[in-house]
């Protein structure tokens with residue numbers, strides 16, 4: 001009986017350990033996948049499609065979407081939230097993959113991580129310098145609430161947060177339109193369709 | 001004399017009004033929350049931003065592209081020399097912020113680079129293992145002293161700023177920049193106002209040439225380019241004032257809004 005309990009415990013612990021993914025390993029593996037796509041001899045459109053599928057797997061798009069909306073998220077009803085998340089996903093994937101597709105074969109080295117709390121770990125990395133540009137420091141805000149499925153929530157490039165920039169852009173659009181959420185929906189839709 | 005007096009009055013007005021503008025919002029905000037940027041002159045700022053974009057497209061960007069075609073040693077030398085001149089502003093600001101150790105290090109850097117490094121063209125100090133150089137200016141010092149940014153500004157040609165940083169820039173021409181003093185008021189045969197302005201223009205072109213692709217990328221992927229630039233400028237200034245490059249990650253990245261997303 002004792003043996004069975006020990007075997008059961010070992011199996012359980014092993015299983016738990018095996019599923020948990022370290023945030024730094026997760027980031028390095030994600031950038032390696034993206035880098036491989038960017039170095040492939042395929043068209044830019046194909047690269048963008050492949051990068052979109054990586055982003056869908058590895059980025060908490062809904063989380064980033066709610067953050068970007070700022071305090072306006074509190075005023076949305078459930079149907080508006082649904083519309084917003086759909087529009088945001090299209091906008092985000094287009095913007096994110098388009099930004100990345102400009103790089104050819106970027107080399108990113110993960111060089112450390114720091115746990116902020118149980119929900120967030122910051123992974124530090126360096127985009128290695130080329131003859132065209134200097135070294136760039138990139139920090140990744142990784143959402144670790146589910147340690148088995150870490151997700152990217154923000155990229156902080158040389159101290160500048162992409163999510164915060166996006167949040168302030170959205171806020172600016174809402175302010176210019178007297179807080180009308182439909183104006184933001186329209187802007188996101190136009191961006192995705194162009 | 002009259003010009004100096006006028007500049008002084010404007011500076012005092014700007015800094016004073018800025019301190020008032022910067023205080024009310026800050027008090028109500030949590031320590032780690034990004035501060036809302038006040039855009040008191042948004043219409044004018046947007047118009048200036050559009051004007052600057054046209055100047056950039058017609059003149060600055062093509063010049064920056066041409067500059068980038070120059071041999072690497074020339075670009076590197078220009079960048080080093082411009083950085084070396086900025087040390088003259090960084091050192092007094094290190095002192096004003098109470099960072100005496102850094103003031104000594106930067107003084108050493110300035111002496112070595114200006115002499116062995118041939119007027120700063122070669123960054124000998126860096127090769128000798130001096131710590132990474134971080135610029136400081138009077139706007140940052142005012143920020144470190146607790147003066148809020150105040151209203152956001154877009155200056156013609158010069159680009160994004162705010163009332164505090166504009167006030168800080170005035171300090172340069174009121175005697176706070178030894179390079180300005182020596183070249184404009186030095187009464188010597190080697191330096192004059194044109195050399196000072198050329199050094200500033202070269203600094204701008206050097207910066208622009210290093211950011212051609214990133215600006216293009218940002219513009220292409222922004223739904224409100226003006227707001228993106230405003231946000232990036234404000235974040236950059238906040239980081240510099242708090243010396244985040246030397247700070248604790250726990251402090252830099254703790255933000256209430258991200259925690260709230262969890263409870264959605």
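Chains as they are written, first to last, in this note's numbering: chain A, 1 to 194; chain B, 1 to 264. Each residue gets a CB set at the ideal place from its N, CA and C atoms; glycine is no exception. Just so it is clear, the structure is predicted and the values come from calculations on it, not from any experiment.
- Against chain B, the CB of residue 172/A has a partner CB under 8 Å away; the residue lies at that interface.
- Under the three-pair Cβ rule at 8 Å, the region 172 to 188 of chain B does not count as touching the region 61 to 78 of chain B.
- Residue burial is scored here from C-beta neighbours: residue 151/B has at least 16 other C-beta atoms within 10 angstroms and is therefore classed as buried.
- Rounded to whole angstroms, the separation of the alpha carbons of residue 106/A and residue 79/A is 40 Å.
- At a Cβ-Cβ threshold of 8 Å, residue 206/B and residue 79/B count as neighbours.
- As the crow flies, the alpha-carbon of residue 180/A is around 6 Å from that of residue 174/A.
- Just measuring C-alpha positions, the residue of 142/A, 129/A, 168/A and 178/A sitting nearest residue 232/B is 168/A.
- Taking C-beta atoms under 8 Å as the contact rule, residue 90/B and residue 132/B fail to qualify, at a distance of about 13 Å.
- A distance below 6 Å between beta-carbons, with the five flanking residues on each side excluded, links residue 49/B to the following residues of its chain, in chain order: 154 and 226.
- Under the DSSP assignment, residue 121/A falls in the beta strand (DSSP E) whose first and last residues are 120 to 127.
- Linking residue 118/B to residue 88/A through their CA atoms gives a straight-line distance of about 53 Å.
- Inclusion of residue 34/A and residue 61/A in the CB contact set at 8 Å is not warranted, their separation being larger than that value.
- Linking residue 217/B to residue 192/A through their CA atoms gives a straight-line distance of about 16 Å.
- Residue-level contact check: residue 85/B does not touch chain A, since none of the beta carbons of chain A fall below 8 Å from its beta carbon.
- Within the region 101 to 150 of chain B, the alpha helix (DSSP H) runs of at least 4 residues that lie entirely inside it are, in chain order, 124 to 127 and 138 to 144.
- For residue 232/B, the nearest beta carbon of chain A is closer than 8 Å to its own beta carbon.
- The beta carbon of residue 90/A lies closer than 7 Å to those of 192 in the same chain, with the five residues before and after it left out.
- The beta carbon of residue 180/B sits no closer than 8 Å to any beta carbon of chain A.
- At a Cβ-Cβ threshold of 8 Å, residue 142/A and residue 123/A count as neighbours.
- Within the region 49 to 83 of chain B, the runs of alpha helix (DSSP H) that reach at least 4 residues and sit entirely inside it are, in chain order, 61 to 68.
- Residue 69/B is outside the set of residues whose beta carbon lies under 8 Å from a beta carbon in chain A.
- Per DSSP, reduced to three states, the secondary structure at residue 92/B is helical.
- With contact defined as three or more Cβ pairs closer than 8 Å, the region 33 to 50 of chain A and the region 64 to 83 of chain A are not in contact.
- Distance between residue 22/A and residue 147/A, taken at the CA atoms: about 8 Å.
- Across the set 65/B, 53/B and 130/B, the C-alpha of 65/B shows the shortest separation from the C-alpha of residue 209/B.
- Residue 82/B is positioned such that its CB atom lies closer than 8 Å to that of residue 203/B.
- The beta-carbon of residue 145/A is placed less than 8 Å from the nearest beta-carbon of chain B.
- Residue 110/A and residue 28/A do touch by the CB rule: their CB atoms are close to 4 Å apart, below 8 Å.
- Secondary structure note for residue 153/B: its beta strand (DSSP E) is the uninterrupted segment 152 to 155.
- From the beta-carbon of residue 45/A, no residue of chain B is found nearer than 8 Å; the closest lies around 15 Å away.
- With a minimum length of 4 residues, the unbroken runs of alpha helix (DSSP H) contained wholly in the region 184 to 264 of chain B fall at 193 to 209, 212 to 220, 225 to 241, 249 to 252 and 256 to 262.
- Using beta-carbon distances, residue 78/A does not count as an interface residue toward chain B, since no partner is under 8 Å.
- Looking at the DSSP output, residue 160/B sits in a beta bridge with 154/B.
- Between the alpha carbons of residue 68/A and residue 170/A lies a gap of roughly 7 Å.
- In chain B, no part has a C-beta under 7 Å from the C-beta of residue 125/A; the shortest such distance is about 13 Å.
- Under the Cβ distance rule, residue 262/B counts among the residues neighbouring chain A, one pair being separated by less than 8 Å.
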